[in-house]
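Residue numbers (the working numbering), protein chains in the order written: chain A, 39 to 344; chain B, 39 to 344.
Written below as structure tokens is the structure these notes are about.
Number of protein chains: 2
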Amino acid sequence: MSLIVVGSMAFDDIETPFGKSNRIVGGAATYIAWCASNFTEVRQISVVGGDFPSEELNALRDRGVNLEGVQIRKDEKSFYWAGRYHMDMNTRDTLVTELNVLGDFKPVVPDSYQDCEFLMLGNLAPSVQLSVISQLKSRPKLVAMDTMNFWMEVALDELKELFTKIDVLLVNDSEARQLSGEFSLVKAAAAIANMGPKYLIIKKGEHGALLFHGNEVFFAPALPLEEVFDPTGAGDTFAGGFIGHLAKTRDISFNNMKTAIIVGSAMASFCVEKFGTQRLREISHQDIHERLHQFVELVNFDIALV
Amino acid sequence: MSLIVVGSMAFDDIETPFGKSNRIVGGAATYIAWCASNFTEVRQISVVGGDFPSEELNALRDRGVNLEGVQIRKDEKSFYWAGRYHMDMNTRDTLVTELNVLGDFKPVVPDSYQDCEFLMLGNLAPSVQLSVISQLKSRPKLVAMDTMNFWMEVALDELKELFTKIDVLLVNDSEARQLSGEFSLVKAAAAIANMGPKYLIIKKGEHGALLFHGNEVFFAPALPLEEVFDPTGAGDTFAGGFIGHLAKTRDISFNNMKTAIIVGSAMASFCVEKFGTQRLREISHQDIHERLHQFVELVNFDIALV
């Protein structure tokens, strides 16, 4: 029941209609690890600079996250991103991107990671994602990957190669449309299935998420919240909850993926309540349990189909 | 188990990215009646001109819709609306509105309608909706109403009076925001509850619908479709399925309202598949049954909450 997580660990400056974070710790793999470590053992693959706080790494170690695969380049700087959200919190402008250590990142999979059954490729250059897959001596039981529109523009061939090597692709609705050239998400899902991924998750932010597999489809709503404080990392947290639940249960049936999507949605609903990873650090298993119960109440209904 | 439906019966000219309808029959009460008559006896209150096809009225009569409360003004013209949908099918421009017979409509509730337990006030001038309520000798078991942004701008006082006399208010997300001055739909729902309605349904089109009652909330998705051909009437059809199911079962518990929202969503998913009321006229009880089963598959999941 162990999971390899690949992705960025970084600094973010975030501006929302509700306030400004100062330089805080972020990055896809950071969010995925904080989330997935609630459910399973996490083995992290990433790269940080000498400026990355050792207490942040220790906090992850204390949660049982294995950091052997995290390279620390003492004389360099960590990846840095600054962004500003619009009033609707669904759109944002990138203000600054400094790749720093991420620019020439060559991931190395430690020997101790080789027996992992689950692999979560967080959003990162497709070449880095491919490199991790090729270093694994046996194929994991399940490989999931996230990506973004930027890679569709600059590295489409590598993305398409990846699609033939993975099981689950996670993208948002506009990325699904861009990738497929189809406006209808049902048609987009069919077109993307032809590219390789057996399972497709389309994230729609506050409008929930769809899971497609063959002719089957499942929908999970986002929890209606009084306030979305900071959406940064919600997609990564969703991915962490999804793959974390699968790794914990070791059951990759479509039925269990439905549950995993609900777990991902529940975890994402915590993430947006505060800046950065703050809320994910606070929540207990009891909090998660109660939030999952809210999802049951939110969508379950009785119907007599006679 | 009978239901009074109040609303427009009209002609529409619809333009979508997929094509143009010629002048076809539409209007809120037309859609509601075609839909709700699958579930319960419908007693219609509306007004049409001498140009309204008698075969359209006969087709409704054949489904058991009582038209005693439909005024026919032989020398006048029916309400007419022309609109054009944008590519996303979520937004539309009104090209023409001709009120005609609707301009000075004075509804008269026939004596034979007085014992109705359920009242659905389709989108119409609030003064007309109020007039129907005041003509009823005993209050129905449940009163639901739809409205739109236009009435919030020109008849807010009458709307607010209505809100104190009804049980269920149906609006879309932008109308809920306009009415409450709140961006968050959770906050909007709380503000609108303070205006009177005990139940609030916020329709989000392709993003589903939310039902609020006190601290409880339920979410129903829209069925992911390959193509949305014509969204006209989908909200009215949703309302017809919702109130039709409640009238059929005579159970107005929150739990049964959840099921009613799913029924409404299922019916709306048929409506958008063809122009106007065409698809609603074709479907059988077996089709409805199968569509409801698709909703069960779409949202039901197993979770062990231990």
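Even for Gly, the Cβ is constructed at its ideal location relative to N, Cα and C.
- In the three-state reduction of the DSSP assignment, VAL334 (chain A) falls in the helix class, which pools H, G and I.
- Taking C-beta atoms as the reference points, VAL310 (chain B) and ALA272 (chain B) count as a pair closer than 8 Å.
- Beta-bridge analysis with DSSP links ILE52 (chain B) to B:GLY121.
- Within chain B, SER222, VAL224, LYS225 have C-beta atoms less than 9 Å from the C-beta of GLU265 (chain A), given in sequence order.
- Within the segment 305-322 of chain A, not one residue has a Cβ closer than 8 Å to any Cβ of chain B.
- Look at VAL337 (chain B): its C-beta is under 8 Å from a C-beta on chain A.
- If one requires a minimum length of 3 residues, the beta strand (DSSP E) runs lying completely within the segment 253-307 of chain B are 254-258, in chain order.
- For PHE276 (chain A), the CB contacts under 6 Å within the same chain, skipping 5 residues up- and downstream, are GLY302, ALA306 in chain order.
- The Cβ atoms of ARG329 (chain B) and PHE308 (chain B) sit closer than 8 Å to each other.
- Shown here, ARG130 (chain B) sits in a strand according to DSSP, grouped into three states.
- Taken in chain order, the complete alpha helix (DSSP H) segments of 4 residues or longer contained in the segment 176-236 of chain B are 187-192, 194-201, 211-218, 223-231.
- Across the set B:SER291, B:ASN338, B:PRO269, the C-alpha of B:PRO269 shows the shortest separation from the C-alpha of LYS58 (chain B).
- For ASP325 (chain B), there are no C-beta contacts with chain A under 7 Å, since the nearest C-beta of that chain is about 13 Å from it.
- Interface residue (Cβ-Cβ distance to chain B less than 8 Å): ILE42 (chain A) is not classified as such.
- Put simply, the CB of LEU162 (chain A) is far from chain B, with every gap to its CB atoms at 8 Å or more.
- Counting other Cβ atoms within 10 Å of its Cβ, SER92 (chain B) stays below 16 and is therefore classed as exposed.
- Beta-bridge partners assigned by DSSP to LYS58 (chain A): A:GLU53.
- ASN293, LYS296, THR297, ILE300: these are the residues of the segment 272-300 of chain A whose beta carbon lies less than 7 Å from some beta carbon of chain B, given in chain order.
- With its beta carbon at least 8 Å from every one in chain B, PHE77 (chain A) lies outside the interface.
- Under the three-pair Cβ rule at 8 Å, the segment 197-214 of chain A does not count as touching the segment 70-88 of chain A.
- Comparing alpha-carbon positions, the option among A:ALA258, A:PHE90, A:SER172, A:HIS331 lying closest to LYS112 (chain A) turns out to be A:PHE90.
- Contact of VAL255 (chain A) with chain B by beta-carbon distance below 7 Å involves PRO262, LEU336.
- Spanning the alpha carbons of PHE188 (chain A) and ILE52 (chain A) requires a straight line of approximately 20 Å.
- Cβ atoms of SER75 (chain A) and VAL44 (chain A) stay farther apart than 8 Å, at about 15 Å.
- The beta carbon of ALA285 (chain B) sits closer than 6 Å to those of MET39, LEU41, THR78, PHE156, all from its chain and outside the five residues before and after it, given in chain order.
- Using a CB distance cut-off of 8 Å, PRO259 (chain A) counts as an interface residue toward chain B.
- Pairing LEU248 (chain B) with ALA258 (chain B), the inter-Cα distance amounts to about 6 Å.
- In the pairwise beta carbon analysis, the segment 137-147 of chain B is classified as touching the segment 164-182 of chain B: at least three pairs are separated by under 8 Å.
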